[in-house]
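What follows is a set of notes on a single structure, which appears directly below.
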Amino acid sequence: MLDRFGVQIRQTRMHTVTAPPTAESEFLRQFLRGRDIDCPGCGYNLRDLTGERCPECGQDIVLHLQLAEPRQAPLLTGLIGLSAGVGLNGLLVIYYVIVRFWMRFGTPDPRFMWTILVGLAVHAVALAAWLRMWRRIRRIAAAPRWLFAVACCLLPVVDIVFFSVTIR
82 MLDRFGVQIR
92 QTRMHTVTAP
102 PTAESEFLRQ
112 FLRGRDIDCP
122 GCGYNLRDLT
132 GERCPECGQD
142 IVLHLQLAEP
152 RQAPLLTGLI
162 GLSAGVGLNG
172 LLVIYYVIVR
182 FWMRFGTPDP
192 RFMWTILVGL
202 AVHAVALAAW
212 LRMWRRIRRI
222 AAAPRWLFAV
232 ACCLLPVVDI
242 VFFSVTIR
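Heads up, the sequence shown is in the numbering used here, so the first residue is 82 and it goes up one at a time.
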């Protein structure tokens with residue numbers, strides 16, 4: 082239960098105890114005073130919120146700082162490079178299946194399928210690791226972060242060279 086100032090009140094058998102507002106809850110109330118801010122959980126307008134929970138969805142609301150520009154360029158560069166490798170190998174798998182089973186052209190070359198499956202597996206594992214380590218990578222210094230991003234972009238190039246050498 083809240084009193085008229087938005088302070089949490091706890092009822093006991095003998096008397097009512099009022100919990101003092103914390104600095105964080107007071108900052109949250111001051112921030113939301115007169116501002117149309119939507120709840121990140123349900124989209125409810127939190128203007129002039131008196132407590133620390135969204136009245137619509139019941140989720141706790143906290144006020145926190147974040148970087149204005151989170152420096153995600155190397156992270157996105159690496160993500161795009163690895164996604165390009167997954168996409169390339171995925172399209173080659175689809176091509177192989179169409180040519181082999183639907184159009185029934187020639188005798189199958191097992192090197193083709195094994196090469197693209199290995200490339201797809203390497204890129205998929207690297208992409209999953211990249212996404213799992215996203216926050217850790219974001220916290221490292223800029224030079225190693227860019228080095229990782231360049232390595233992610235070079236991996237599809239290495240895959241194409243490996244594919245070309247293996248299939249010719």
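C-beta atoms are modelled at their ideal positions from N, C-alpha and C, and glycine is treated no differently.
Own chain, CB closer than 6 Å to C120, minus 5 neighbours either side, in chain order: L127 and C135
Alpha-carbon spacing of A154 relative to W227, whole angstroms: 9 Å
Inside the region 154-193 only - alpha helix (DSSP H) runs reaching at least 4 residues: 154-178
Per DSSP, the bridge partner or partners of D141: R134
N-terminal and C-terminal residue of the alpha helix (DSSP H) that A230 is part of: A223 to I248
Bridge partner(s) assigned by DSSP for D119: N126
contact_flag[the region 231-239, the region 158-176] where n(CB pairs < 8 Å) is 3 or more: yes
I218 to A205 span [Cα, whole Å]: 18 Å
Residue from G122, G168 and A165 with nearest C-alpha to E137: G122
Under the three-state DSSP convention, the category I196 falls into: Per the sequence shown, the amino acid found at residue 196 is Thr instead of Ile. Residue state, collapsed to three classes: helix.
Anticipated Cβ contact below 8 Å, D141 with G200, distance rounded: Going by Cβ atoms, the distance from D141 to G200 rounds to 45 Å, so no, they are not a contact pair.
W211 burial status per 10 Å Cβ neighbour count (16 or more: buried): buried
Residue range of the unbroken alpha helix (DSSP H) whose run includes Q111: A104 to L113
Identity of the residue in L163, R114 and F193 nearest Y177 by Cα: F193
Cβ-based neighbour list, V238, same chain, cut-off 6 Å, excluding 5 preceding and 5 following: none
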